[in-house]
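Residue numbers (our numbering): 1471 to 1681.
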Amino acid sequence: MARIIGWTQQEDEALIQLIRTSPRKTRSELARELSAMTAVDRSSSSVATRILTLRDRGVDLTPAPSVTTNNVDPLIARLVEVTKKKPKGLEELCDTFDLSPRRMRELVIEAQNRGFAVSLEDDHVGSPPQRESLDTKEITISQPGERHALAIVGDIHFGSKHHLSGPFLDFCGKAYEAGVREFLQVGDLLDGTYSHSLYEQSARGFEERKD
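Here's what the structure looks like:
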């Protein structure tokens, strides 16, 4: 039986950012926005359970202090507005604001000094993700000598008409013959429910695909 990986650090960081910046969103709204940010589908119940787990770990989920653009330099207010949804290239911003690269970098620093979450990384300006210290686990790896077998599978896409059941089952059989008893599923176990792929699916929804 395949072993499914749980929540990734990227998902946790995205969920923490959403909760702290949008505390009034419902679990369903959080799930939809999280999916858009990470390309991983999570149900509202899964999000609710993960929030409880993060709180049990002591992660700070309190809303971030609000910083308004009232009574600030109009250029800073515009910069915050333009980059709050997704990062913008430095060159694009220079053209939009009709500023030199040096002046644009100075404007980013001015915005940071006023308390706005704006940063310049890799020639892109945007809001950095909220990073929280999450639990880490130390594992002890046995010394060389005993052999361990592990199979890694991904992009299986159960429910898609393009799912290659024959090669997949052949791989699983050969892996089992080689002594593998644990399979690491790295992503896309099911085919996502997207409008562009509805006619490429042989089964829709979990109930149909589980068979």
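Each residue gets a CB set at the ideal place from its N, CA and C atoms; glycine is no exception.
Check whether H1627 and D1658 have beta carbons under 8 Å apart | Position 157 of the sequence shown, counted from the start, is the residue given in the question as residue 1627. Position 188 of the sequence shown, counted from the start, is the residue given in the question as residue 1658. Taking 8 Å as the Cβ cut-off, H1627 and D1658 qualify as a contacting pair.
Cα separation between R1494 and M1507?
-> Start at 1 with the first residue of the sequence shown, and residue 1494 comes out as number 24. Start at 1 with the first residue of the sequence shown, and residue 1507 comes out as number 37. Whole-angstrom Cα-Cα distance: 18 Å.
Start and end residues, beta strand (DSSP E) containing G1596 | Walking along the sequence shown from the start, residue 1596 turns up at place 126. Residues 1594-1596.
Distance, D1565 Cα to S1725 Cα = Because the chain in this structure spans residues 1471 to 1681, residue 1725 falls outside the shown range and cannot be described.
Start and end of the beta strand (DSSP E) containing I1622?
-> Locating residue 1622 in the sequence shown gives position 152, where the first residue counts as 1. Note, I1622: beta strand (DSSP E), 1621-1623.
From P1544 to D1511, what does the alpha carbon distance come to, in whole angstroms?
-> The residue labelled residue 1544 in the question sits at position 74 within the sequence shown. The residue labelled residue 1511 in the question sits at position 41 within the sequence shown. Their Cα atoms are separated by approximately 38 Å.
Taking DSSP as the reference, what is the three-state secondary structure of K1558?
-> Along the sequence shown, one-based indexing puts residue 1558 at 88. Correct three-state label for K1558: strand.
Which of the three DSSP states, helix, strand or coil, is assigned to F1586?
-> Numbered from 1 along the sequence shown, position 116 holds the residue referred to as residue 1586. Correct three-state label for F1586: coil.
From this set, V1623, A1648, G1649, which residue's C-alpha is nearest P1637's C-alpha?
-> By 1-based counting over the sequence shown, the position of residue 1637 is 167. Closest by alpha carbon: V1623.
Residue nearest to I1489 in terms of C-alpha spacing, selected from G1476, R1548, Q1479, L1504 | Mapped onto the sequence shown, residue 1489 falls at position 19. Here the closest residue by C-alpha is L1504.
Give the secondary structure of L1569 by DSSP, where H, G and I count as helix, E and B as strand, and everything else as coil.
-> Locating residue 1569 in the sequence shown gives position 99, where the first residue counts as 1. Here L1569 sits in coil by DSSP.
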